[in-house]
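Colleague: Residue numbers are given in the UniProt record's numbering: position 127 of the sequence shown equals residue 127, and the series is strictly consecutive.
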Amino acid sequence: MKTIQVVEGDITTVAADAIVNAANTTLMGGGGVDGAIHRAAGPALYAACEKFGGCPTGEARITSGFNLPAKYIIHTPGPIWHGGDHGEDQLLANSYRNSLTLADEYDCRTVAFPSISTGVYSFPLGRAAQIAIQTIREFLQTASQVEEVTMVCFDPTTARAYRTAVNS
Ligand code: APR
């Protein structure tokens, strides 16, 4: 039985097989969830990310979880919102799909996502939630290993948006 659930909390505490980091294209850390994950995972994460030499928007890279309870961290730079006519929707869908593809390749059964691009990157929350849930649903139809996807929302407004998307 494949499931999508929505919880409120701090993704650095989630013991999923893989947690996803809303990174930037340098993969060298930042604020928001990226900063929280780097702080919790420890300095070895920085060195592991350095070897990628960055990551294009919408693509994904995987590292160990280091000091996190999660086995893996999947880093994906989501799109920065520029009004919606610069391919942002497709790039956001790519971030979710490419992260799930990597999780599947690494035999992850459970995957946790933050709300990619809806913080510093200013992607409209309701629109992002619809794209995220639709992309996750499509992926789960053909996934071979991934069975449970959890949206870990940092505040009630974000959680409400994803619950609305799941129930639509
Ligand atoms: N756990 C779960 N979600 C979190 C956490 C956390 N510990 N901390 C923040 N968030 C939430 C934010 O509240 C927001 O809903 O993650 C969502 C994404 O916000 P950002 O972290 O700002 O990410 P994003 O909008 O994708 O911007 C990425 O911000 O931190 C930098 O290096 C990062 O340049 C990149 C940009």
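Even glycine gets a Cβ: it sits at the ideal position worked out from N, Cα and C.
With DSSP run on the structure shown, which of helix, strand or coil describes residue 169?
Modeller: Residue 169 is absent from the structure shown; the chain starts at 1 and stops at 168.
Colleague: Does the separation of the CB atoms of residue 19 and residue 11 fall below 8 Å?
Modeller: Yes, they are a contact pair.
Colleague: Just verifying my parser: in three-state terms, what is the DSSP assignment at residue 105?
Modeller: It is helical.
Colleague: Could you tell me which of 117, 1, 133, 99 sits nearest to residue 82, measuring between CA atoms?
Modeller: For the residues 117, 1, 133, 99, the minimum Cα distance to residue 82 belongs to 117.
Colleague: Just reading off the beta strand (DSSP E) that residue 4 is part of, what are its end residues?
Modeller: Where residue 4 is concerned, the enclosing beta strand (DSSP E) stretches over 3-8.
Colleague: With burial defined as no fewer than 16 other Cβ atoms inside 10 Å of the residue's Cβ, what is the status of residue 75: buried or exposed?
Modeller: Looking at its Cβ environment, which holds 16 or more other Cβ atoms inside 10 Å, residue 75 is buried.
Colleague: So, at 6 Å on beta carbons, what are the nonlocal neighbours of residue 15 in its own chain, with the 5 sequence-adjacent residues on each side left out?
Modeller: Counting only Cβ-Cβ distances below 6 Å, and skipping sequence neighbours, we find 69.
Colleague: With residue 37 as the anchor, note down where its alpha helix (DSSP H) starts and where it stops.
Modeller: Element bounds for residue 37: 32-41.
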